[in-house]
Structure formats: C-alpha cells, structure tokens
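*Asks:* The C-terminal residue of the sequence shown carries number 339 in our numbering, and the numbering is unbroken.
The beta carbon of each residue, even a glycine, is placed where N, CA and C say it ideally should be.
Here it is, the structure, as structure tokens.
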Amino acid sequence: MTAKIIDGKAFAARIRGQVAEHVARLKADHGIVPGLAVVLVGEDPASEVYVRSKGRQTVEAGMNSYEHKLDADTSEADLLALVATLNADPAVHGILVQLPLPKHLNSDLVINSIDPAKDVDGFHISNVGLLGTGQKSMVPCTPLGCLMMLRDHHGTLSGLDAVVVGRSNIVGKPMAQLLLGDSCTVTIAHSRTRDLPEVCKRADILVAAVGRPEMITGDYVKPGATVIDVGINRIERGGKKMLVGDAEFASCAAVAGAITPVPGGVGPMTIACLLANTLTSCCRANGLSEPEGLTA
Ligand code: GUN
Numbered sequence: 044m045t046a047k048i049i050d051g052k053a054f055a056a057r058i059r060g061q062v063a064e065h066v067a068r069l070k071a072d073h074g075i076v077p078g079l080a081v082v083l084v085g086e087d088p089a090s091e092v093y094v095r096s097k098g099r100q101t102v103e104a105g106m107n108s109y110e111h112k113l114d115a116d117t118s119e120a121d122l123l124a125l126v127a128t129l130n131a132d133p134a135v136h137g138i139l140v141q142l143p144l145p146k147h148l149n150s151d152l153v154i155n156s157i158d159p160a161k162d163v164d165g166f167h168i169s170n171v172g173l174l175g176t177g178q179k180s181m182v183p184c185t186p187l188g189c190l191m192m193l194r195d196h197h198g199t200l201s202g203l204d205a206v207v208v209g210r211s212n213i214v215g216k217p218m219a220q221l222l223l224g225d226s227c228t229v230t231i232a233h234s235r236t237r238d239l240p241e242v243c244k245r246a247d248i249l250v251a252a253v254g255r256p257e258m259i260t261g262d263y264v265k266p267g268a269t270v271i272d273v274g275i276n277r278i279e280r281g282g283k284k285m286l287v288g289d290a291e292f293a294s295c296a297a298v299a300g301a302i303t304p305v306p307g308g309v310g311p312m313t314i315a316c317l318l319a320n321t322l323t324s325c326c327r328a329n330g331l332s333e334p335e336g337l338t339a
C-alpha cells in the first residue's frame with residue numbers, strides 16, 4: 044500500500060482563509076477586530092521564529108497582533124503583572140505565553156494566571172478540566188489541528204481504535220481527550236509502554252508525539268491505518284541539516300492508508316488553529332455565534 048499524503052500546508056491555508064473571511068465579517072458587521080497578544084521571555088532562537096510567524100499570520104488574517112518581548116531575566120512578578128494587564132484589556136481576545144520559559148519562572152503559575160477565556164493555548168487548568176469533562180473550552184492548537192485533519196480524512200471517527208504515543212500536557216493528553224470526545228477507543232502509550240510496536244499495530248489512528256526522531260517505523264503500523272506525525276525534529280544526516288518527524292516516513296507510508304508528512308503536515312495546522320482559537324475567543328467575548336468547523 045502507498046499512503047495518501049495528508050497535506051497539512053494546504054489544509055492550514057484553507058483554515059486561515061476561513062478565519063480571515065470570518066474576521067472580515069466581524070469587522071464589517073460589528074466593528075470588532077480580534078486581537079492576539081504573544082509574550083516571549085528571553086531570546087530562544089526557535090521561539091523567536093515561531094513568534095514572528097504567529098505575528099505575521101495574525102495580521103494576514105486581519106487580526107491585531109500585540110507582541111511583548113521581555114528580557115530573559117524578567118521577574119515572575121513583572122511577567123504576572125503583564126498577564127494581568129492583558130487579561131483586563133478588552134482589545135486582547137487571546138493571550139499566548141511562549142514556552143519554554145526561562146528556568147527561574149514557574150510556567151504553571153504563569154499559565155494559570157491567564158484568563159481562561161483568553162487562554163488560546165488551552166493550557167490553563169480550567170480549560171484542561173473543561174475538555175476532560177466534555178464541556179466547552181479552549182482546545183490546545185496542535186491536537187485541534189490533528190483532530191481537524193482526522194475528521195476531514197475519515198468523516199466520523201466513532202468506534203475507531205486510536206493510539207497516541209506520548210503523554211505531554213501540550214499534545215498527548217489533550218489529543219487523547221479529543222479522540223475520546225469523538226468516540227474513539229483510545230490508548231495513551233509512552234516510553235514505559237510494554238510491547239509498543241504491538242500496541243501501535245492495533246491502531247486505526249496512530250498519533251506519534253514522542254519527540255524522538257523517526258522512532259515509529261513501518262512495523263508499528265497496521266496496514267491501512269492513518270498516521271499523524273506531530274514530531275518536528277532537527278537532525279543532521281550526511282552533513283545536511285533536515286527536519287524529520289517522530290515517524291520514519293518511507294517505511295510508515297508503505298504500510299499506512301494515510302500519513303502526514305514532516306514538514307508540511309501537522310506543523311502548519313498549529314498556527315492556523317491558534318488564529319481559529321483567537322477568533323472563537325473573540326466571538327464568545329462578544330456574545331456572537333462561533334465560527335463553524337473551527338472548534339472541537
Ligand atoms: N512552544 C512550542 N509550542 C508552543 C505552543 O503551542 N504554545 C506555547 N505557548 N508555547 C509553545
């Protein structure tokens with residue numbers, strides 16, 4: 044079998060287009076412009092690239108982008124004070140504090156100081172609890188993007204066996220909750236899971252979110268399964284720098300029914316879903332109906 048390639052780049056462009064259309068209508072009909080504030084502490088080069096990209100795509104979608112760059116030695120009190128200001132600012136509908144934070148800052152404390160309604164990352168404990176109990180919440184962007192691609196490919200996910208490899212708070216756990224919400228039978232596997240290839244081979248949907256380059260090979264994949272590769276690993280091969288996923292593409296694609304490539308799969312969906320979440324948050328704040336197809 045040769046897998047269908049799920050084109051995340053094209054899918055994300057479609058989502059951004061839908062967001063931009065909705066934003067234009069909000070502006071025309073109600074004079075409202077959604078605003079996203081991104082807070083970056085320190086100078087981690089990868090984070091700077093992400094933040095720039097977020098800012099550019101926010102503006103391209105017709106929304107306001109507010110960037111706050113703070114020194115690496117910013118105190119926790121100063122960061123919490125900035126979050127409090129953004130919480131109180133009616134022009135700000137989404138707040139994202141870029142992770143990882145420098146070590147002297149308590150990430151949990153900072154994330155949980157964000158107004159849950161503006162928590163477009165979906166990392167606040169209130170949103171985690173709402174998602175876990177099937178209530179309306181803000182949903183973490185990367186798993187939301189994966190869910191959108193899976194729904195698009197499969198139609199309904201009901202009754203499918205899903206295995207999520209990785210148990211992070213950002214991807215693995217919320218991904219499992221979303222799949223459960225769509226009536227999959229869900230297994231969360233991780234580094235201590237026994238017989239991992241056998242567990243993965245039961246999956247109709249296999250989500251690889253382990254952060255280990257090319258760990259999932261074709262012999263982990265059930266013939267015809269859908270492989271969603273969340274990994275973005277920078278490696279050097281034959282003297283060349285390259286990006287690879289957590290799944291070894293060639294061997295997985297030879298067995299799977301569908302697969303997301305790296306780059307061009309899950310990656311572009313994350314920012315597209317961040318824009319969608321900002322729009323959703325803005326609609327909720329103004330008592331307007333939410334954009335269809337852009338939420339969980
Ligand atoms: N760092 C890497 N990915 C993310 C993300 O999705 N949100 C935040 N806040 N920080 C990140």
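Between VAL126, PRO183, SER180, ALA134, which has its C-alpha nearest ILE157's C-alpha?
*Replies:* Closest option to ILE157, Cα to Cα, is VAL126.
*Asks:* Would you identify the three-state DSSP class for ALA232, choosing helix, strand or coil?
*Replies:* The answer is strand: DSSP assigns ALA232 an E or B state.
*Asks:* Is LEU142 near the ligand GUN, going by C-beta to nearest heavy atom under 7 Å?
*Replies:* Yes - the ligand GUN has a heavy atom lying nearer than 7 Å to the Cβ of LEU142.
*Asks:* Identify the continuous alpha helix (DSSP H) that holds ARG327 and give its terminal residues.
*Replies:* 309 to 328 is the extent of the alpha helix (DSSP H) around ARG327.
*Asks:* Tell me whether ILE213, by its Cβ, gets closer than 7 Å to a heavy atom of the ligand GUN.
*Replies:* Flag set: Cβ of ILE213 near the ligand GUN.
*Asks:* If we ignore side chains and look at the alpha-carbon of each, how far apart do ALA55 and ALA120 end up?
*Replies:* ALA55 and ALA120: Cα-Cα distance of roughly 37 Å.
*Asks:* So, for PRO186: in the same chain, excluding its five sequence neighbours on each side, which residues have a beta-carbon less than 7 Å away from its beta-carbon?
*Replies:* If we look at PRO186 and ignore the five residues flanking it on each side, its Cβ neighbours are VAL214, PRO217, MET218, LEU221.
*Asks:* Here's a check: name, in chain order, each residue in its chain whose Cβ is nearer than 7 Å to the Cβ of ALA160, leaving out the five neighbours to either side.
*Replies:* Only SER324, ARG327, ALA328 meet the Cβ criterion.
*Asks:* List the whole-angstrom C-beta distance separating VAL273 from ALA252, where the pair is believed to meet the contact cut-off of C-beta under 8 Å.
*Replies:* Yes, VAL273 and ALA252 are in contact; Cβ-Cβ is about 4 Å, under 8 Å.
*Asks:* Look at the alpha carbon of GLN141 and the alpha carbon of ARG237, and state the distance between them as a whole number of angstroms.
*Replies:* Going from the Cα of GLN141 to the Cα of ARG237 covers about 34 Å.
*Asks:* Taking just the CA atoms, how far does THR45 sit from ILE154?
*Replies:* Roughly 42 Å between the two C-alpha positions.
*Asks:* Verify the contact flag: CYS316, CB atom, against every heavy atom of the ligand GUN, threshold strictly below 7 Å.
*Replies:* It does not: the Cβ of CYS316 is nowhere closer than 7 Å to a heavy atom of the ligand GUN.
*Asks:* Quick check: what's the CA-CA separation for ALA293 versus ILE259?
*Replies:* Whole-angstrom Cα-Cα distance: 11 Å.
*Asks:* Measuring straight from C-alpha to C-alpha, what distance separates VAL50 and CYS295?
*Replies:* Going by the sequence as given, residue 50 is Asp instead of Val. ASP50 and CYS295: Cα-Cα distance of roughly 16 Å.
*Asks:* Give the DSSP bridge partners of ASP162, in chain order.
*Replies:* Paired residue(s): ILE138.
*Asks:* Report the residue ranges of all alpha helix (DSSP H) runs contained in full by the stretch 175 to 241; include only those spanning at least 4 residues, in chain order.
*Replies:* Listed in chain order, they are 184 to 197, 215 to 224.
*Asks:* What residue range does the beta strand (DSSP E) around ARG277 cover?
*Replies:* Unbroken beta strand (DSSP E) run through ARG277: 276 to 280.
*Asks:* Please identify the residue among GLN178, LYS112, ALA134 whose C-alpha is closest to the C-alpha of LEU144.
*Replies:* Checking every option, the nearest Cα to that of LEU144 belongs to LYS112.
*Asks:* Flag this pair as yes or no: are the beta carbons of GLY105 and ALA67 separated by less than 8 Å?
*Replies:* In contact: GLY105 and ALA67 (Cβ atoms closer than 8 Å).
*Asks:* To the nearest angstrom, report how far apart PRO97 and ALA299 are at their CA atoms.
*Replies:* Checking the sequence shown, residue 97 turns out to be Lys, not Pro. Cα to Cα, LYS97 sits roughly 32 Å from ALA299.
*Asks:* Cβ-heavy atom distance between ASP164 and the ligand GUN below 7 Å?
*Replies:* Yes, the beta carbon of ASP164 sits closer than 7 Å to at least one heavy atom of the ligand GUN.
*Asks:* When every heavy atom of the ligand GUN is checked, does at least one fall within less than 7 Å of the C-beta of LEU190?
*Replies:* Not so, every heavy atom of the ligand GUN lies at least 7 Å from the Cβ.
*Asks:* Between the Cα of HIS233 and the Cα atoms of GLY282, ALA315, ASN212, LEU173, which residue gives the shortest distance?
*Replies:* Taking only the C-alpha atoms, the option nearest HIS233 is ASN212.
*Asks:* Please name the residue, chosen from LYS179, LEU173, LEU122, LEU139, that lies closest to ASN149 on a Cα-to-Cα basis.
*Replies:* Checked all of LYS179, LEU173, LEU122, LEU139; the closest Cα to ASN149 is LEU122.
*Asks:* May I ask which residues mark the beginning and end of the alpha helix (DSSP H) holding THR72?
*Replies:* Looking at the sequence itself, residue 72 is Asp, so the reference to Thr does not match. Here the alpha helix (DSSP H) through ASP72 covers 51 to 73.
*Asks:* Is the stretch 285 to 292 close to the stretch 57 to 75, with three or more CB pairs under 8 Å?
*Replies:* In short, these stretches do not touch, since the Cβ pair count stays below three.
*Asks:* Is CYS295 near the ligand GUN, judged by its Cβ being under 7 Å from some heavy atom?
*Replies:* Not so, every heavy atom of the ligand GUN lies at least 7 Å from the Cβ.
*Asks:* Should THR176 be counted as a contact of the ligand GUN given a C-beta to heavy atom distance under 7 Å?
*Replies:* Every heavy atom of the ligand GUN is 7 Å or more from the Cβ of THR176, so no.
*Asks:* Counting Cβ pairs, one atom from each stretch, are 3 or more of them under 8 Å apart for the stretch 301 to 312 and the stretch 82 to 90?
*Replies:* In short, these stretches do not touch, since the Cβ pair count stays below three.
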